[in-house]
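0 is the number of the first residue of the sequence shown in numbering that gives the first Met the number 0; add one for each residue after it.
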Amino acid sequence: MSKFGELVGLNIPVLIDFYTEWNEASVKMHPVLRDVASAIGDKAKVIKIDVDKNTQLAEALRVKGLPTLMIYKKGEMLWRQSGEQNAASIIAILEKYS
0 MSKFGELVGL
10 NIPVLIDFYT
20 EWNEASVKMH
30 PVLRDVASAI
40 GDKAKVIKID
50 VDKNTQLAEA
60 LRVKGLPTLM
70 IYKKGEMLWR
80 QSGEQNAASI
90 IAILEKYS
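As structure tokens, this is what we get:
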């Protein structure tokens, strides 16, 4: 949990993807998030968190649907959405918070 606090406390937007390998929608997001990460460069960070390996964190953040995406900046959650998203939408949101 303390490492999570360090990650979300950055001065740039941090996109967090809560996923599992057994959830089809989560797996479909992998290439989308790779595209987002390469397009956004160092203006933001993309972090993937496996819910099965981080159950305490997922419960604390009330992650129910998968995938769940969140954007944090300076420790504050700015955006949250569950379900599949396209790269263009995610990039636009990250740029808005850059």
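Note that the Cβ used here is the ideal one computed from N, Cα and C, for glycine as well.
Pair within 9 angstroms by beta-carbon distance, residue i and residue j
{"i": "K95", "j": "I11", "result": "no"}
{"i": "I98", "j": "V35", "result": "Not covered by the structure: residue 98. The range shown for the chain is 0 to 97."}
{"i": "K42", "j": "S97", "result": "yes"}
{"i": "A86", "j": "A38", "result": "yes"}
Between the CA atoms of residue j and residue i - distance to the nearest angstrom
{"i": "T19", "j": "V26", "result": "8 angstroms"}
{"i": "L93", "j": "G4", "result": "19 angstroms"}
{"i": "W21", "j": "R61", "result": "19 angstroms"}
Whole-number beta carbon distance between residue j and residue i, since they are thought to touch under 8 angstroms
{"i": "L68", "j": "Q80", "result": "5 angstroms"}
- Are three or more beta carbon pairs between the region 46-54 and the region 6-18 nearer than 8 angstroms? Counting Cβ pairs under 8 angstroms, three or more are found: they touch.
Margin query: I'd like the ranges of any alpha helix (DSSP H) spanning at least 4 consecutive residues and lying wholly in the region 21-52.
Written below: List check, alpha helix (DSSP H) in window: 23-39.
Checklist line | In chain order, each alpha helix (DSSP H) run of at least 4 residues that lies wholly inside the region 51-96 | finding: The region 51-96 contains these whole alpha helix (DSSP H) runs: 54-59, 86-96.
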